[in-house]
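Residues 6 to 302 in the numbering used here are what the sequence shown lists, from first letter to last.
The block underneath contains the structure these notes are about, expressed in structure tokens.
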Amino acid sequence: MGSESNRGAQGRGRVQGKRMVFARRFTLAAVLVAVLASLAFDCDIGTPSSFGIGQFNLLCPLGGLEAMLASKAFIPVAAISAGVLLLFALVFGRAWCAWGCPAPVIRRFFKRDPKPAKPGTCASSCAACSGAKAALDVKASLAFLARDKRTWTLAAVLVCAIVAGLPLFCLVCPIGLTFGTVGSLWHLIVDKQMTASVLVFPAALAVELVLYRKWCMNLCPVAGLLGIFGQFAAKFRPRINADTCLRTSKGSACDVCAVACAEHIDLHAADVQQQLGMCTRCGECAKRCPTASITFE
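Encoded structure:
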């Protein structure tokens, strides 16, 4: 019975991973199609950086926070956007980074994903291996966030907005630059309008995402903001079946899941609960695990 149960769990893990990866790619494609449709048919729905349908409008939460700090005024749409982000991130953590942000797609296209560190030894008490849902350790989470460079980048961005009186990061944000590039190319091809943005936006993207391959892991303040809430998002995190995992059952140095993970999260580390605060729910670890030992719960 035990072996049959393990095989059943393996099957679920692989199918779940494949479905998540397919759904993620479909969602990213749908976002691009929506942006192109907005340009082609003048739907005026904007982009994920500034999205609106009728009376419903949302801003990039980080851009909204910058705008409020820069103007030193309360902006209702920015506050509502931040509230929506809070609710989303408390459930799905940093899912936006895999399901909506174009930056990882650009990085992978140019093969600029950073390589992971060598896997460490498996911590016997790690919750991902045992299947237990560990209680939130606030002190450990705060210490983890304090070590994360993106937390400090986020703080610097918000301070700069106050000092300069402008949302400066919005000028170099890869998300806005990507959709700005799409819009500029569209106007160049369709409307025959040549502007400096056709050259400037792609050049800035190349510097941020291609030349500096660790932008998302080291500097992105959007990831830093979502990562703070991600520490509290306990749902839809990967869990390991220790009976079939090569590292726990056979002592192998398998690192397939860490390599597949955009954040290079080590599911066997002692601080895995804090690392999973940065999980983007991309599903790649479950899809690529050679023994299909990973499921999302």
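Using N, Cα and C, we set each Cβ at its ideal position, and we do this for glycine too.
Inter-residue distance for C262 and F46 is about 42 Å (C-alpha atoms, whole angstroms). Between the alpha carbons of K255 and C290 lies a gap of roughly 19 Å.
Counting along the chain, R244 sits inside the beta strand (DSSP E) bounded by residues 243 to 245. Residue environment: E213 is assigned as buried (16 or more neighbouring CB atoms within 10 Å of its CB, all protein chains considered).
Put simply, the backbone Cα of A72 is about 15 Å away from that of P226. Counting of Cβ neighbours within 10 angstroms places C48 among the exposed residues, the total staying below 16. Here F184 is actually not in contact with L67; their C-beta atoms are around 15 Å apart, not less than 8 Å.
A direct Cα-to-Cα measurement between A239 and V168 gives close to 36 Å. Rounded to whole angstroms, the separation of the alpha carbons of F149 and G232 is 10 Å. S55 sits in a strand when the DSSP states are folded into three classes. Counting along the chain, I270 sits inside no beta strand (DSSP E), nor does DSSP assign it H or E at all. The DSSP-derived three-state label of I299 is strand.
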